[in-house]
Amino acid sequence: NTGGWSGMDVDVCRAVAASLLAGDRDAVQFIEVSEEGFGAALADEGQLDVGAGMMVTLQNDRNEDKGFSFSSPYFYSSTGDVFALSTREDDRQWSEFVFWTLNFLFYAEEVGTRRTQASSMPVINLFGPDLVRMARQAVLAVGNYGEVYERNMASIEPRAG
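Residue numbers (the working numbering): 516 to 676.
Set out below in structure tokens:
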């Protein structure tokens with residue numbers, strides 16, 4: 516149940532859910548975790564599958580030796596903060612799945628595929644026959660990266676670069 520959750524972080528998590536669960540973008544449970552509790556929540560298998568909304572740097576001491584994997588950044592703030600999805604490093608296949616799901620949103624924008632055209636997304640055979648439509652499902656659920664940005668961030672921080 517997504518309740519009243521909204522925003523860029525929520526949309527990228529919905530894209531992951533839709534990619535994995537045959538388009539069900541609402542098959543996700545959001546929990547609020549403090550910055551201090553984030554590492555423990557991610558390390559505790561079963562409590563948190565994907566972390567979103569936390570600033571990350573790949574050279575951040577707090578993440579060293581904690582076993583995190585990061586997606587491509589999905590947001591760079593005007594102050595230089597970087598946001599990426601986080602997963603457990605010891606689950607390589609899941610980390611790659613999350614990485615590729617987010618990258619399909621970037622790809623869709625690059626080739627001009629909008630949410631209404633999601634059926635034109637390519638068939639992807641990275642994670643087996645049940646997930647060949649994962650790119651389509653992600654874009655159908657939330658739109659391409661530009662649509663996600665426009666819906667959630669454009670009025671706050673106009674896109675540049």
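Built from N, CA and C at the ideal position, the CB exists for glycine as well. None of the values given here were measured: they were computed from a predicted structure.
{"Asked": "Pull up the CB-CB distance for Thr616 and Ala530, whole angstroms please, since I reckon it's below 8 angstroms.", "Found": "6 angstroms"}
{"Asked": "How would you call Asp605, buried or exposed, if buried means at least 16 neighbouring beta carbons within 10 angstroms?", "Found": "exposed"}
{"Asked": "Going by DSSP, what residue range makes up the alpha helix (DSSP H) through Ser534?", "Found": "Met523 to Leu535"}
{"Asked": "Quick check on DSSP: helix, strand or coil for Gly595?", "Found": "coil"}
{"Asked": "Excluding the five sequence neighbours on either side, which residues of its own chain have a C-beta within less than 6 angstroms of the C-beta of Gly661, listed in chain order?", "Found": "Glu624"}
{"Asked": "Considering only C-alpha positions, which residue in the set Arg651, Met636 and Leu535 is nearest to Gln608?", "Found": "Leu535"}
{"Asked": "DSSP three-state label for Phe585, please.", "Found": "strand"}
{"Asked": "Got a sec? Which residues, its chain only, sit under 7 angstroms from Val613 by beta carbon, not counting five neighbours each side?", "Found": "Val531, Val565, Ser586, Leu600 and Thr602"}
{"Asked": "Hey, is the segment 629-640 in contact with the segment 650-659, meaning 3+ C-beta pairs nearer than 8 angstroms?", "Found": "yes"}
{"Asked": "Report, in whole angstroms, the separation of the C-beta atoms of Ala542 and Ala653, which I expect to be a contact under 8 angstroms.", "Found": "With a Cβ gap of about 13 angstroms, Ala542 and Ala653 do not count as contacting."}
{"Asked": "Enumerate in chain order the residues of its own chain whose CB-to-CB distance from Thr517 is below 6 angstroms, with the five nearest sequence positions on each side excluded.", "Found": "With a pLDDT of only 49 at Thr517, under the threshold of 50, the placement of this residue in the model should not be trusted; the figure read from the coordinates follows. Asp541."}
{"Asked": "When the Cα of Ser521 is compared with those of Met668, Leu646 and Glu551, which residue comes out closest?", "Found": "Met668"}
{"Asked": "If I'm right that Phe590 touches Leu557 with Cβ under 8 angstroms, what's the distance once you round it to whole angstroms?", "Found": "About 19 angstroms; that fails the 8 angstroms criterion."}
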